[in-house]
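What follows is a single structure, written as structure tokens, with notes after it.
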Amino acid sequence: MPHTNVKSEWVNGDLLFKDKSGNTIAKLDGTNTLLNVTAGVLNKRVRTTTANVNAGATLLPAVAGYAYRLIDVVLIAVGGAAATATSVRVAGTQATSVVQLVTMAIASLG
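For the sequence shown, this note's numbering puts the final residue at 443, and the numbers step up evenly by one.
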């Protein structure tokens, strides 16, 4: 009796994850080292310095053929360095234009 409803198999150098009906639910692209999930939400946590934020740290690099959807943002100030700024802005690129996705006032950081 299987212990999971997810199975995996290698196909042409890619690792495919399939549900119990045989539908591909995720693919690890062996050539481009990308994980493609057909459904669900992936989370990413980034811990970075104030200097990196000021320099425009990249949270998610642009990947040809893929689009991201921002679901939630939580910002936490660690130490006293945040006191030198008024806000933190998370920006994205839509059709070659920069758009502000989130602007968080430093006073509201926990």
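Beta carbons: idealized from backbone N, C-alpha and C, even for Gly.
Per DSSP, the unbroken alpha helix (DSSP H) holding residue 386 starts and ends at 383-387. By the Cβ neighbour-count rule, residue 396 is exposed, with fewer than 16 other Cβ atoms within 10 Å of its own. The DSSP assignment places 340-344, 347-351, 357-362, 367-370 as complete runs of the beta strand (DSSP E) inside the region 336-386, in order along the chain (cut-off: 3 residues). For residue 426, the three-state secondary structure derived from DSSP is strand.
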